[in-house]
Amino acid sequence: MSLPLPNDILLLVGEYVEDHRDRYNLLFVCRHFHDLFLRLVYQAAALKGCSQTQSFLGALLRRPELARAVRTLDFHNWHAQSASASLSAEALAPFTQWAHHLSHTNEEHTKWEQDLLHGMGEAWIALLLPLASNLRHLQLVYPKQNQYLNRMMQRAVRGETPFDDLPAFRVLRDVSLSHLPDEDSQGSYLPSQVLPFFQLPSMRAFSADSVIESTRSQEDEPEPTQSVETPAAGTSPISEITLHASNGSQGMQNLIASCSSLKSFKYQHSDSHLLAEGYRPSAFYQSLTGSKESLQTLWLDSYGTHLPFTIAGANETHDEWFGPLTEFTALKDLRIRLPNLLDVRYQLEPTCPLTEVLPSSVESLYVEGCKENSLGMLIGQLRTVLSRRKTQFGGLKRLEIEGFFHDEDDEDASGYQPGEATGERMIKPRVYEAVKPLHQACAEAGIELYVRDRVCLATREGIAA
1 MSLPLPNDIL LLVGEYVEDH RDRYNLLFVC RHFHDLFLRL VYQAAALKGC
51 SQTQSFLGAL LRRPELARAV RTLDFHNWHA QSASASLSAE ALAPFTQWAH
101 HLSHTNEEHT KWEQDLLHGM GEAWIALLLP LASNLRHLQL VYPKQNQYLN
151 RMMQRAVRGE TPFDDLPAFR VLRDVSLSHL PDEDSQGSYL PSQVLPFFQL
201 PSMRAFSADS VIESTRSQED EPEPTQSVET PAAGTSPISE ITLHASNGSQ
251 GMQNLIASCS SLKSFKYQHS DSHLLAEGYR PSAFYQSLTG SKESLQTLWL
301 DSYGTHLPFT IAGANETHDE WFGPLTEFTA LKDLRIRLPN LLDVRYQLEP
351 TCPLTEVLPS SVESLYVEGC KENSLGMLIG QLRTVLSRRK TQFGGLKRLE
401 IEGFFHDEDD EDASGYQPGE ATGERMIKPR VYEAVKPLHQ ACAEAGIELY
451 VRDRVCLATR EGIAA
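What follows is the structure, encoded as C-alpha cells:
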C-alpha cells in the first residue's frame, strides 16, 4: 500500500490521535503503518499490573528502539497481584538476565529473581525504569515497604552501575509519586526518598502524597536511604513542588532550599500521620526566604487536616502567623489559612493589617479556615485592600473565603475536621448578609468573590457569593 503523504506528515497526524487504542489500531492498517507508528504507540504507557508490565518490558528488551521511544509512564492505577507465578523459566529468562545486569551482587540478583517470580510489583517497575532512557513524565507508585525503587533512584543520581553507561532519567521533567491504594495501610515518603529526584538535571515539576519530615523519623529511616546526599542549595532545576497530605515539621527545608528558582509551592498539611508533629507556618516562612523573588504561587493548604492534638501532643503551632508576604515580589496566587495569614491568635484584630501583609503583586487570594466570629474582621481587612486597589493592589482579580459557615450547630466549630460533603447543607443566610458589603465592593471593582464551606458541596464547586 503506497501513500502520497510523506512519513513526516503521517507521524504528525498520528501525534494528534490521543486515544491509545486508536493509535494501536493504526498498526493493523498495513505493514507500512505498523513500522511507522509502532514507536508512537510506545511513547506513553499506563501500566496497571505485573502482566501488563511484563508484556511492555518484554517488547522493550527485544527492541531497544522502542525503549528509546518511551516518553510517559503512568503507574498510578497499579493493582497489586501475584500474576507472575504463571511465567515459565524460559519466559522469565530475559527478565532475570536484565535484573542480573542491573544488580551489584549475586545476592541482590537472586532476591530480584525470586521477587519477579512471585509478582512483586515494585521489582517489575524498578526493572523497567532504567530502560526508558528518554522518559519525560513519570507517575510512580511506591509500596509501603520498598527497596528496589529507592535503590534504583540513588544509583541513578550517583552514576553507579548500570547508570555509569546507561543514561536513564537525564531528560525526566516531571514526577508524581503516590502509594499503592490496596495496601492495608498507606505508606509515606521521607525527604531522603524524594531528594534523588531533585538532583536530576532536567526536572521541573515534582508532586507527592504523604511526605513526612519529622525529627523523629531519622531513627526509623531504612539504612539504604541514610547515605543520600542533600543537594546543595540552589542547584535543583525544579520550579514546581506540590505536596499532598504531608507533614513538614521543618518547613520542607531541604527540598525547597535545593531549588534555584522555585515558582510554585503547594503544601497540604495533614496531622493524621503517625509521625505528625503539628503545623509550623514559621518554618515554611524560613524555608521559602530564598524564593521571595521567584515564587508566583503559594498554597499553604488546600483543605488540609489540622487537629488540636497529634501523636506528639498538643498542636500549639497550627494557628501561628506565617509572617508578612510583602517581600515576595512575584507572588500572584496565594492560598492560606486565616490564622496563618493574619496574626489574630490572641486578639480580635490583627497586629499587622492585611495591607501590610499582602504583596502588591497578588492577583488571587484564597483564605481558608475562617470561623464565623472572625468573618467581620476579615471582611473589614479585605475592604481596606480593595480601597487601595488602584494604588497598591492593581492586579487583584479574585477573592475567596472558606470556613465553617453551614447551618448545623452540633459540629466542631473549628471546621478543620473534614466531613462528608452531602450537598444538603447550606451556608447560613446571615453569612451571606455579612458578606454583602464586600460583594458590592468587589462587583464595583470587577473582582470575583466566592464564599465556600468545605462540607457544602455547591460552594466547593464555585458558587459565587
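Sequential numbering from 1 applies to the sequence shown in the UniProt record's numbering.
Cβ atoms here follow ideal geometry from the backbone N, Cα and C, with glycine treated the same way.
Spell out a yes or no on whether the stretch 293-305 and the stretch 260-278 are touching, meaning 3 or more CB-CB pairs, one atom from each, closer than 8 Å. At 8 Å Cβ cutoff, the stretches touch.
Using only alpha-carbon positions, find the residue among Ala232, His439, Asn254 and Tyr42 that is nearest to valine 451.
Checking every option, the nearest Cα to that of valine 451 belongs to His439.
query: leucine 135 to lysine 397, Cα distance in whole Å?
result: So the two alpha carbons sit approximately 38 Å from each other.
ask   = Exposed or buried, which one is proline 201 when buried takes at least 16 other CB atoms within 10 Å?
value = Exposed, since its Cβ has fewer than 16 Cβ neighbours within 10 Å.
key: For serine 258, the nearest candidate out of Arg63, Arg454 and Pro191 (CA to CA)   = For the set Arg63, Arg454 and Pro191, the Cα lying nearest the Cα of serine 258 is the one of Pro191.
Item checked: Candidates Gly395, Tyr285, Lys263 and Gly403: closest to glycine 446 by CA position -> Selection Gly395, Tyr285, Lys263 and Gly403 evaluated against glycine 446 yields Gly395 as nearest (Cα-Cα).
Looking at C-alpha atoms only, which residue of Arg173, Glu327, His179 and Val211 is the closest neighbour of tyrosine 189?
Here the closest residue by C-alpha is Val211.
Worksheet entry | Residue from Val435, Gly403, Ser364 and Lys48 whose Cα sits closest to the Cα of arginine 389 | Distances from the alpha-carbon of arginine 389 to those of Val435, Gly403, Ser364 and Lys48 put Ser364 closest.
Open item on the list: Please state the DSSP three-state secondary structure of asparagine 247.
Closed with: DSSP places asparagine 247 in strand when its eight states are reduced to three.
- [ ] Report buried or exposed for residue 478, applying the criterion of at least 16 other Cβ atoms within 10 angstroms of its Cβ.
- [x] Since the displayed the chain opens at 1 and closes at 465, residue 478 lies outside it and no answer follows.
Worksheet item: If you drop the 5 nearest sequence neighbours on each side, which residues of the same chain put their C-beta closer than 7 Å to that of lysine 48?
Response: Excluding residues up to 5 positions away in sequence, Asn77, Trp78 and His79 lie with their Cβ nearer than 7 Å to the Cβ of lysine 48 in the same chain.
- request: Quick one: measure Cβ to Cβ for residue 474 and serine 214, integer angstroms, because I've assumed they're closer than 8 Å.
  value: With the chain represented from 1 up to 465, any question about residue 474 goes unanswered, as that position is not in the structure.
*For methionine 203, which of Ser261, Leu348, Glu160 and Glu424 has the nearest alpha-carbon?*
Closest by alpha carbon: Ser261.
- Where does leucine 440 sit, in a helix, a strand or coil, going by DSSP? Going by the sequence as given, residue 440 is glutamine instead of leucine. Collapsing the DSSP output to three states places glutamine 440 in a helix.
Bridge partner(s) assigned by DSSP for isoleucine 212: DSSP output for isoleucine 212 lists Asn247 as bridge partner(s).
Margin query: In whole angstroms, give me the CA-to-CA distance for arginine 425 and phenylalanine 309.
Written below: If I take the Cα positions, the gap works out to 27 Å.
How about tyrosine 279 and threonine 242: are their beta carbons less than 8 Å apart? Cβ distance not < 8 Å, so tyrosine 279 and threonine 242 don't count as in contact.
Looking at C-alpha atoms only, which residue of Ser282, Glu320 and Asn247 is the closest neighbour of isoleucine 311?
Relative to isoleucine 311, the option among Ser282, Glu320 and Asn247 whose CA is nearest is Asn247.
Fill in: Own chain residues within Cβ distance below 7 Å of arginine 42, not counting five before or after
One point to set straight first is that residue 42 is tyrosine, not arginine, in the sequence displayed. Spatial neighbours of tyrosine 42 in its own chain (CB-CB distance under 7 Å, excluding positions within 5 residues in sequence) are listed in chain order as Leu66, Ala69 and Val70.
What whole-angstrom Cβ distance do tyrosine 148 and glutamate 122 have, given they're in contact under 8 Å?
Taking the Cβ atoms as the reference, tyrosine 148 lies roughly 5 Å from glutamate 122, within the contact range of under 8 Å.
Worksheet item: Going by other Cβ atoms of all chains shown within 10 Å of its Cβ, with 16 needed for buried, is residue 470 buried or exposed?
Response: Outside the shown range of the chain (1 to 465) lies residue 470, about which nothing can therefore be said.
- Count the other CB atoms, across all protein chains shown, that sit within 10 Å of the CB of glutamine 193; report buried if there are 16 or more and exposed otherwise. Its Cβ being crowded by 16 or more others within 10 Å, glutamine 193 is buried.
- Task: Select from Trp321, Glu327, Ala283 and Asp319 the residue whose C-alpha is nearest the C-alpha of proline 291.
- Result: Proline is not the amino acid found at residue 291; the sequence shown has serine there. Selected option, being the one with the closest Cα: Glu327.
Residues of its chain near glutamate 448, where Cβ-Cβ distance is below 6 Å and the 5 sequence neighbours each way are ignored:
Only Arg398 meet the Cβ criterion.
Check your understanding: Per DSSP, serine 236 is paired with what?
Key -> The bridge partners DSSP lists for serine 236 are Cys259.
Could you check if glutamate 90 is buried or exposed, using at least 16 other CB atoms within 10 Å of its CB as the buried criterion?
Here glutamate 90 is exposed: its Cβ has fewer than 16 other Cβ atoms, across all protein chains shown, within 10 Å.
- Separation of leucine 331 from leucine 298, as counted between CA atoms: For leucine 298 and leucine 331, the distance between alpha carbons rounds to 7 Å.
- glutamate 113 (DSSP reduced to helix, strand or coil): The answer is helix: DSSP assigns glutamate 113 an H, G or I state.
#### Entry: Inter-residue Cα distance where the pair is alanine 208 and arginine 173
Straight across, the Cα-Cα distance linking alanine 208 with arginine 173 is about 15 Å.
- Task: Only counting runs of 4 or more residues, tell me where the alpha helix (DSSP H) segments fall wholly within the stretch 324-382, in order along the chain.
- Result: Listed in chain order, the alpha helix (DSSP H) elements of length 4 or more contained wholly in the stretch 324-382 are 338-341.
Which whole runs of the alpha helix (DSSP H) in the stretch 136-169 are 4 residues long or more, in chain order? Those alpha helix (DSSP H) runs which fall completely within the stretch 136-169 and span 4+ residues are 148-158.
Report yes if the C-beta distance between leucine 386 and cysteine 442 is below 8 Å; otherwise report no. Going by C-beta atoms, leucine 386 is nearer than 8 Å to cysteine 442.
Grouping DSSP H, G and I as helix and E and B as strand, with all else coil, what is proline 391?
Per the sequence shown, residue 391 should be read as threonine rather than proline. Residue state for threonine 391 is assigned as coil, using DSSP reduced to three classes.
query = Is alanine 434 helix, strand or coil by DSSP?
reply = If DSSP states are grouped into helix, strand and coil, alanine 434 belongs with the helices.
Query - Own chain residues within Cβ distance below 8 Å of lysine 428, not counting five before or after - result: Taken in chain order, the residues that qualify are Glu372, Phe405, His406 and Asp407.
**Item:** CA-to-CA distance, histidine 244 to glycine 251, given in whole angstroms
**Value:** Their backbone Cα atoms lie some 14 Å apart in a straight line.
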